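Chains as they are written, first to last, in this note's numbering: chain A, 3 to 434; chain B, 30 to 377.
Ideal Cβ placement from N, Cα and C applies to all residues, glycine included.
These numbers were taken from a predicted model, which means no experiment stands behind them.
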C-alpha cells in the first residue's frame, strides 16, 4: 500500500508495479459500495488521500483543477465564496473523494438536472497502466480524436489512476425552493414523480423516501418529516425567480392531484438544510433499526417506478426481510435497502436472493444494473444480464487498449469466463 | 410496441442486418448520412457507402428519452419532440443532417452553453463493428454506470470505430419562451451578467444572446441586460473554407477580434470556447488555424481542402490502440482521423 503525494509519485508507484507485473488498485476514501476499490490478491493499493489540494480555481471559466483525494464536499466549500458549486453530491459527499467519484462516475440527488460526474469532468491527468501520464480531455470545448476522458470516467480504476482532475463548476442559482410532499400511499408518490416530469418540469432534485425510512430519519434527526406518511417526496427547483415560483405551484398542484396530504415549502435556508439533512442522514438512521444493511442501486425507466417498487416490496415479503427505499426517483434510480441482523442464521442467503431478484426485476423492466455505484466486484457477474457476449467483448477490448498488461484493477467491472468462488458478494466495511 | 433492450428495434432489424452483412465483407466502409457535414476532419475515403436506417423508433415523453435510427434527420426528430413540447438540442445549422452524422462529427451546436455538450445526450448506442457484429454500448435509462461508456466514445469518432445504427438520446422540456437579443458588448460581459443564457454568440460588432425559460424570467433577464434590441439567430459563417476552433472559453472575444482582423467571417460561442470561422481561400483558413494554435487551441477543418486537424492527435498511440481493438483491418472510414503522425499545418 502506498500514499503518493503527487502525480509523479503515483506514476512512480505504477511503474514499479508494471515493472514487476503486479496489479495495482487506486483507492480514495473507500466509500464505494460495489467493491471497485477493494484489492484482490496481492495488488498494490495506491491510496490518494494525501493528494487533497484544490490546485487552481478559475472563477471566470468556472473550472477547478483538483487532486484526486479532495473530498467532494470540500470542493464545493472551497468555491462557495465565489458563488459556485460542484454539482454531483453523493450521499457520502462528506467522505468520498473526487478521484473516487471519477472512478465510479458518481451521482447524487442533484444529478437529475445537471448530470452525473461525467458531465462535470473536463480533463483528467491519468497515470496509465504503464506509468505514463496522459491528459485525457481538456479545458477547451473539444479535443481532437476519441473522447478518452469519457471512456476513463466510470472505468473504476481499470484504465489507470486519475492524478489531477479538471471539473466544471456551476453558478449558484439565484433562487432555490425545496418542497416536502406527504403521501398516504406510496403509489401516489410514484405517480407524482411521473406527473412532475410529464408537466415539463425537470427539478434540480426529486427524491423519494418510503414510510419506514421516513420514520427512521425523523426519529434520528427530527427534520420535521411526517412520521405517519406512506412516502414523502423531497423536491427541489432552482433558477430564476418567476420560473421557480411557477414550478413550485405546478409541483404543488401535481402532488395534490395525486392525493398528497400536504405540501410544505421550506420557509428559509435553515428549514431547507434540515430537510436535506434528513435525506442525507438516511443511512445513518437505519443503524437504529438493525445492525446490518445491504444497499442496492439500479435504474428503471421512470414510467416503470410504480410497478417495480411494488414488486420490490413483494420480494422483501417473500424473503421475510425488512426493505426500505430512499432513492433518486426523478431519474428512476432505485436504492432498495435491506436491513437485517447478520447474526440471524441463514439471513445472508435470503438477502442475496432478494438482491438478485430485485436486479432481475429492474432489468426485466428495461433497467440497468447500476445508476451511480458502479459494477466493481458486486455486479461484475451480472453484466451478462444486460450485455451480450459481443457487447462485453467490445468493452474488454477497449479496456485492453488502455491497459494491455491487465494490471489496472483486474477482475473488476467485466466478468471472467466463469464465476469466481473467492469473491464476496457484498463488500464489507463500506461506507454509504 | 417497445424496443427490447439489447437488440435493435424490430422496425430496423432487417435493414441493420443487411448493413452488417455489407460491412462484414466490404474492404472499406464509408458511413454516409446526408453529407451536410461531409468534409469535417480528414478527406472522405473511397469505399462501400453504407447508410443507417431512419425513423423514430421509441418515444415516450414521460421518459424524456427518445430512440431513433441513426439515419433520422435532426429536423424530423425535432418535429416529433416538438409535438410533445420537448427538445433534444442537436442544433446542426442544417436540419437535413442526420442524428448519426451529427454525433459522429461531434457537433454540439450553439446552445451548448445551456444544454451541455452533445456527448452528454447520448445514452445508448448500437453500432455495427468492422467484422459485422452489431453491439450495444450504454443503456436506455437516463442514469447508468453499467460498464464502460462506449456511447460517449462514439461522439466525434468520425465513423472510424463502426457504423452507428440506433441511438437513444436524453430529451428535455422545450422552454416556454425563447428569444434572441442583440447587445453591443463582448460575450464576456454578457456572461458575467446573465444567469445561464442558452447561447451567447459573438461577432466583431457585438453579441447575440439567446434567452430561454419562463416568459417572465426571460423578460426580466432581457431588462437586466439592457438587451432591448430584438434579433434573429446570427448567420453562420459561410464560405468554401470553414473550420471550427476550440479554445479555452476566456479567449473567445480576443480570437473573434483577431480573426475578423484577418478579414475572415467569424462567430464565437461565448462561455463555450468554440469559434466558427469561414474563409474565401485555404490560405485564409490556414491563417485562422495559426491564430488558434497561438491561443492554445486547434482548428477542425469543416469544409475545404485544408488538412483536417493540423495537429498530432493527443494520446495518438492510445487512440490507435482503441481503433485497432475495434477495427483491426482499418476498414471503417480510413483517413478521417489522423491516427498516424501528420505534418503540422499545410493544405492536404
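message: Check whether chain A comes within 8 angstroms of residue 303 of chain B, counting only Cβ atoms and requiring the distance to be less than that.
response: yes
- request: Give the straight-line distance between the Cα atoms of residue 363 of chain A and residue 150 of chain B, rounded to the nearest whole angstrom.
  value: 26 angstroms
message: Using a Cβ-Cβ cutoff of less than 8 angstroms, which residues in the same chain neighbour residue 235 of chain B once the five nearest sequence positions on both sides are dropped?
response: 211, 212, 213 and 214
message: If I follow the unbroken beta strand (DSSP E) through residue 338 of chain A, where does it start and stop?
response: 338-342
task: Evaluate residue 259 of chain B with the Cβ neighbour count: other Cβ atoms within 10 Å of its Cβ, from every protein chain shown; 16 or more gives buried, anything less gives exposed.
output: exposed
- request: Tell me, to the nearest whole angstrom, how far the beta carbon of residue 245 of chain A is from that of residue 243 of chain B; I am working on the premise that it is less than 8 angstroms.
  value: 4 angstroms
- request: For the segment 73-104 of chain B, enumerate the residues whose C-beta is nearer than 9 angstroms to any C-beta of chain A, in chain order.
  value: 89, 90, 91, 92, 93 and 94
- prompt: Start and end of the alpha helix (DSSP H) containing residue 348 of chain B?
  reply: 345-355
message: Less than 6 angstroms between C-beta atoms, sequence neighbours within five positions excluded: which residues of the same chain meet that for residue 36 of chain B?
response: none
task: State buried or exposed for residue 57 of chain A, treating a residue as buried only when at least 16 other CB atoms are found within 10 Å of its CB.
output: exposed
- prompt: In whole angstroms, what is the alpha-carbon distance linking residue 385 of chain A and residue 372 of chain A?
  reply: 10 angstroms
- request: List the endpoints of the continuous beta strand (DSSP E) containing residue 96 of chain A.
  value: Taken as a continuous stretch (DSSP letters only), residue 96 of chain A belongs to no beta strand (DSSP E), as it is neither H nor E.
query: What first and last residue would you give for the beta strand (DSSP E) that runs through residue 10 of chain B?
result: An answer regarding residue 10 of chain B cannot be provided, because it is not within the stretch 30 to 377 covered by chain B.
- prompt: Across which residues does DSSP place residue 237 of chain B in a beta bridge pair?
  reply: B:211 and B:230
Cα-Cα separation between residue 44 of chain A and residue 412 of chain A, rounded to whole angstroms: 11 angstroms
query: To the nearest angstrom, how far is it from the Cα of residue 235 of chain A to the Cα of residue 186 of chain A?
result: 12 angstroms
query: Assuming residue 35 of chain A contacts residue 297 of chain A under a Cβ cut-off of 8 angstroms, what Cβ separation, rounded to an integer in Å, is found between them?
result: 6 angstroms
message: Residues of the segment 344-356 of chain B in Cβ contact with chain A at a cutoff of 7 angstroms, in chain order, please.
response: 344, 347, 348, 350, 351, 354 and 355
message: Does the structure place the segment 88-106 of chain A close enough to the segment 18-37 of chain A that three or more beta carbon pairs sit under 8 angstroms?
response: yes
message: Using a Cβ-Cβ cutoff of less than 8 angstroms, which residues in the same chain neighbour residue 195 of chain A once the five nearest sequence positions on both sides are dropped?
response: 208, 210, 235, 304, 307, 331 and 332
field: Proximity winner among B:350, B:245, B:49 and B:126, relative to residue 164 of chain B (alpha-carbon distances)
entry: B:49
- prompt: DSSP state of residue 274 of chain B, grouped into three classes?
  reply: strand
C-beta contact flag for residue 300 of chain A and residue 360 of chain A at 8 angstroms: yes
message: Quick check: the Cα distance between residue 125 of chain B and residue 30 of chain A, rounded to an integer number of angstroms?
response: 47 angstroms
task: Just list the alpha helix (DSSP H) runs in the segment 152-200 of chain B, keeping only unbroken ones of 4 residues or longer that don't cross its boundaries, in chain order.
output: 179-183
message: Just to confirm before moving on: does the CB-CB distance between residue 165 of chain A and residue 70 of chain A stay below 8 angstroms?
response: yes
message: Give me, in chain order, the residues of the same chain whose beta-carbon lies closer than 6 angstroms to that of residue 443 of chain A; leave out the 5 immediate sequence neighbours on both sides.
response: Outside the displayed span of chain A (3 to 434) sits residue 443 of chain A, for which this structure offers no information.
- prompt: So what's residue 367 of chain B in DSSP terms, helix, strand or just coil?
  reply: coil
Identified DSSP bridge partners for residue 115 of chain B: B:202
- prompt: How many Å lie between residue 261 of chain A and residue 10 of chain A at the Cα?
  reply: 59 angstroms
- prompt: Applying a beta-carbon distance threshold of less than 7 angstroms, which residues of chain D neighbour residue 402 of chain A?
  reply: Among the protein chains of the structure shown, namely A and B, there is no chain D.
query: Would the beta-carbon of residue 20 of chain A fall within 8 angstroms of that of residue 6 of chain A?
result: no
task: Could you name the residues of chain A that residue 146 of chain B contacts, counting a contact when the two beta carbons are closer than 9 angstroms?
output: 121, 143 and 144
- request: For the segment 272-288 of chain B, enumerate the residues whose C-beta is nearer than 8 angstroms to any C-beta of chain A, in chain order.
  value: 273, 275, 276, 277, 278 and 279
Contact set for residue 349 of chain B: own chain, Cβ-Cβ below 6 angstroms, skip 5 residues either direction: 368
- prompt: How about residue 265 of chain B: is its C-beta nearer than 8 angstroms to some C-beta of chain A?
  reply: no
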